[in-house]
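Numbering (the working numbering), first residue to last: 4 to 159.
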């Protein structure tokens, strides 16, 4: 029997951080409520929209991508969670992306972001109406930022 990504204890905990912060900041649920932390982690990982996050390093490293994100970026989990998040955008788009992350850091969240991203295979896509929010752990310590979106268009 294979062990799914969402079954890892650190991913179960991270799923709780993602959903708790989303609810606190936006006053709505990221995913339907679940009866257990494990159900929450599975629901989030299998959601029909993208959820990604990165940590607080000087050059933040991606630390979560649900199944939809992994498919959109054409990347494995192991590659994804070792990738600096700035590399999800082409160099020409990184300064706008950095400004958006800074704005979210100051406000707690933004809910109208759009921008062009690029997959590992070079496929460019436009994301629209993305929500970016700050993450704090159960002790209130800043631990990263996350984004979710369900609208994207593949570009030529």
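All C-beta atoms, glycine included, are put in the ideal place defined by N, C-alpha and C.
In this structure, residue 35 keeps its C-beta atom at 8 Å or more from the C-beta atom of residue 14.
The segment 57-68 and the segment 84-98 touch, with no fewer than 3 CB-CB distances between them shorter than 8 Å. When the Cα atoms are used, residue 112 and residue 159 turn out to be separated by approximately 30 Å. By the beta-carbon neighbour count (other beta carbons within 10 angstroms, threshold 16), residue 151 is buried.
Non-local beta-carbon contacts of residue 107 in its own chain, meaning distances under 7 Å to residues more than five positions away in sequence, involve 113, 135, 136, 137 and 148 in chain order. In terms of Cβ geometry, residue 28 and residue 47 do not form a close pair [threshold 8 Å]. CA-to-CA, the gap between residue 71 and residue 124 works out to about 16 Å.
In the three-state reduction of the DSSP assignment, residue 99 falls in the helix class, which pools H, G and I. Following the DSSP letters along the chain, one finds residue 150 inside the beta strand (DSSP E) bounded by residues 145-152.
Note on residue 129: under 16 other CB atoms within 10 angstroms of its CB, so exposed under the neighbour-count rule. In its chain, beyond the 5 residues on either side, 45 and 48 have a beta carbon closer than 8 Å to the beta carbon of residue 7.
Ranked by Cα distance from residue 155, the first of 10, 58, 74 and 12 is 74. Take residue 37, set aside five residues on each side of it, and the residues of its chain with a beta-carbon closer than 6 Å to its own are 43 and 46, in chain order.
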